[in-house]
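Visitor: One structure coming up, written as structure tokens, with questions to follow.
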Amino acid sequence: MMQRNHADLVAEQSQSRSATSALAASWRRSMMKHGLDPGDHRRPDRLSATELRHRHQAMQAFLHVAGPQLDQLYNLVGLSGCNVLLTDAHGVVLDQRVSDGDAAQFREWGLWRGADWSEAAQGTNGIGTCLAEGRQVTIHRDEHFRTRNTGMSCMDAPIWGPDGRLLAALDVSSARADQTERYNRLISAQVAQTARGIEAMFFRSSFPDARIVVASDDHPDAAVLLAVDKDDLAIGATRAARRMLGLEREGRIRPRPAADLLGRQDDLTGFDRAERAAVIRALARAQGNVSAAARALGIGRATMYRRMTRLGISENHG
981 MMQRNHADLV AEQSQSRSAT SALAASWRRS MMKHGLDPGD HRRPDRLSAT ELRHRHQAMQ
1041 AFLHVAGPQL DQLYNLVGLS GCNVLLTDAH GVVLDQRVSD GDAAQFREWG LWRGADWSEA
1101 AQGTNGIGTC LAEGRQVTIH RDEHFRTRNT GMSCMDAPIW GPDGRLLAAL DVSSARADQT
1161 ERYNRLISAQ VAQTARGIEA MFFRSSFPDA RIVVASDDHP DAAVLLAVDK DDLAIGATRA
1221 ARRMLGLERE GRIRPRPAAD LLGRQDDLTG FDRAERAAVI RALARAQGNV SAAARALGIG
1281 RATMYRRMTR LGISENHG
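With the sequence shown counted from 1, adding 980 to any position gets you this note's numbering.
This is the structure we're talking about:
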């Protein structure tokens, strides 16, 4: 009876024009766009071992960075009956952390490596809806589209790649029947923080020869980072930085002076600005010794002082 009631409710809300919530929109996509049945009790499809291996290989660098963060997150939530999962951008589970005592339940639900939890395959669920909408979501028990999934609570956050495209979803799913929405919010905050950490670390590892600059501290809920090369050109940006600075939404960005993007303005332009940077670097390497800095630049001490004066550099700059 309960199963029929949930399926009927989902079907009714999916077809109702008056239902305008984000949840109703996801249910509607699941039924109208993807043609799914909320009463379908089949387990999620799983990739073959060969297909899963290929996906792992394609994401190997990312999974290497994310692994220790999954361990840390599991250490925080694992003992409370939670399963930590990491998927690709298509909703396929690539990695997970789960206790032996909870493994059988999650395996029965299909929350396991190789399973397809996209919204197109399973309807409204934490992983699939997070990826479909590109935002942090919590799908609590009977908010799931399919009746067979209403025994779980799922807290998810998206992870964006260095190219600005959606890369993965980080999920914590709970098997506890007494899981409260308040506890879900606590877990959700930790999931979001871990997802941001993974995103930032993978961005840094993707630009090993660049220095990473925090473009803004005004967005604590996002990684706003720029990768800057040795010529002070911004050559990479996280999704949040792209949006904040008006850069290309996806793909490689056109190199731009980092100072221009970060709003650092002075009276110097062109070669003067580059020369000033070179003089300051020489002074720093010489620990403020003007004579040593001049020798490193291949100029005389008097010439060095004239250039410092013209460029507005004091003796103690080093």
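Glycine included, each C-beta is placed from N, C-alpha and C at the ideal position.
State the Cα-Cα distance for the pair Ser994 and Ala1112, rounded to the nearest angstrom.
Guide: Using only the alpha carbons, I get a separation of about 17 Å.
Visitor: Expressed to the nearest angstrom, what Euclidean distance is found between the alpha-carbon atoms of Ala1266 and Val1208?
Guide: Computed Cα separation, rounded: 23 Å.
Visitor: Touch check for the segment 1019-1035 and the segment 1094-1102: three-plus C-beta pairs under 8 Å?
Guide: Touching, yes, given that three or more Cβ pairs across the two stretches are closer than 8 Å.
Visitor: Counting C-beta neighbours from all protein chains within 10 Å, is the total for Gly1114 16 or more, i.e. buried, or is it exposed?
Guide: Result: exposed.
Visitor: Unbroken alpha helix (DSSP H) runs of length 4 or more, entirely within the segment 1012-1067: which are they?
Guide: The qualifying runs are 1029-1038 and 1040-1057.
Visitor: Measure the C-alpha to C-alpha separation of Pro1235 and Leu1066 and round it to an integer number of angstroms.
Guide: Their Cα atoms are separated by approximately 32 Å.
Visitor: Leu1213 and Asp1252 look like a contact to me (Cβ under 8 Å); what is the Cβ gap, rounded to whole Å?
Guide: At roughly 17 Å, the Cβ-Cβ gap does not stay under 8 Å, so Leu1213 and Asp1252 are not in contact.
Visitor: Using 10 angstroms around the beta-carbon of Asp1096, count the other beta-carbons present and answer buried if the total reaches 16, otherwise exposed.
Guide: It counts as buried.
Visitor: Would DSSP call Trp1092 helix, strand or coil?
Guide: Trp1092 falls in the coil class under three-state DSSP.
Visitor: Here's the rule I'm using: 16 or more other beta-carbon atoms within 10 Å means buried, otherwise exposed. How should Glu1161 be labelled?
Guide: It is exposed - the Cβ of Glu1161 has fewer than 16 other Cβ atoms within 10 Å.
Visitor: Go through the segment 1161-1203 residue by residue and report every complete run of the alpha helix (DSSP H) that reaches 4 residues or more, in order.
Guide: Whole alpha helix (DSSP H) segments, 4+ residues: 1161-1186.
Visitor: Please go through the same chain and pick out, in chain order, the residues whose beta-carbon is closer than 6 Å to the beta-carbon of Ser1153, but skip the five residues on each side of it.
Guide: Asn1063, Leu1091, Met1132 and Cys1134.
Visitor: Could you tell me the distance, in whole angstroms, from the CA atom of Thr1174 to the CA atom of Asp1017?
Guide: Roughly 33 Å separates the two Cα atoms.
Visitor: For the candidate residues Arg1232, Asp1075, Gly1108 and Val990, whose alpha-carbon lies nearest to that of Ala1046?
Guide: Checked all of Arg1232, Asp1075, Gly1108 and Val990; the closest Cα to Ala1046 is Asp1075.
Visitor: Output needed for Cys1110: all residues of its chain with C-beta closer than 6 Å, excluding positions within five of it in sequence on either side, in chain order.
Guide: Only Val1117, Asp1136, Pro1138 and Ala1149 meet the Cβ criterion.
Visitor: Going by the beta-carbon positions, is the gap between Arg1256 and Ile1293 smaller than 8 Å?
Guide: A contact, by the Cβ cut-off of 8 Å.
Visitor: Is Phe1086 closer than 8 Å to Phe1182 when the C-beta atoms are compared?
Guide: No, they are not a contact pair.
Visitor: Report buried or exposed for Ala1262, applying the criterion of at least 16 other Cβ atoms within 10 angstroms of its Cβ.
Guide: By the 10 Å Cβ count, Ala1262 comes out buried.
Visitor: Could you tell me the alpha carbon to alpha carbon distance between Gln1037 and Ala1202, rounded to whole angstroms?
Guide: Answer to the nearest angstrom: the Cα atoms are 27 Å apart.
Visitor: Which residues bound the alpha helix (DSSP H) around Leu1240?
Guide: Here residue 1240 turns out to be Asp, not Leu, going by the sequence shown. Element bounds for Asp1240: Ala1238 to Leu1241.
Visitor: Residues bridged to Gly1216 by DSSP?
Guide: Per DSSP, Ala1207.
Visitor: Classify Pro979: buried if its beta carbon has 16 or more other beta carbons within 10 angstroms, exposed otherwise.
Guide: Residue coverage of the chain in this structure runs from 981 to 1298, which leaves residue 979 outside it and unanswerable.
Visitor: Under 8 Å, do Ala1258 and Leu1147 count as touching if we go by C-beta distance?
Guide: Result no, Cβ atoms of Ala1258 and Leu1147 do not sit closer than 8 Å.
Visitor: Per DSSP, which one or two residues make a beta bridge with Gln1076?
Guide: Answer is Leu1065.
Visitor: Near Asn1164, which residues of its chain fall below 7 Å by C-beta distance, leaving aside the five closest residues on each side in sequence?
Guide: For Asn1164, where only same-chain residues beyond five positions count, the Cβ hits under 7 Å are Thr1118, His1120, Ser1133 and Met1135.
Visitor: Just tell me which of Ile1260, Ala1239, Ala987 and Thr1289 has its CA closest to the CA of Asp1122.
Guide: Of the candidates Ile1260, Ala1239, Ala987 and Thr1289, the one whose C-alpha sits nearest the C-alpha of Asp1122 is Ala987.
Visitor: How would you call Gly1226, buried or exposed, if buried means at least 16 neighbouring beta carbons within 10 angstroms?
Guide: Gly1226 comes out exposed.
Visitor: Within 10 angstroms of its Cβ, does Arg1232 collect 16 or more other Cβ (buried), or is it exposed?
Guide: Answer is exposed; the Cβ neighbour count stays below 16.
Visitor: Look up Ile1279 in the DSSP assignment and say whether it is helix, strand or coil.
Guide: If DSSP states are grouped into helix, strand and coil, Ile1279 belongs with coil.
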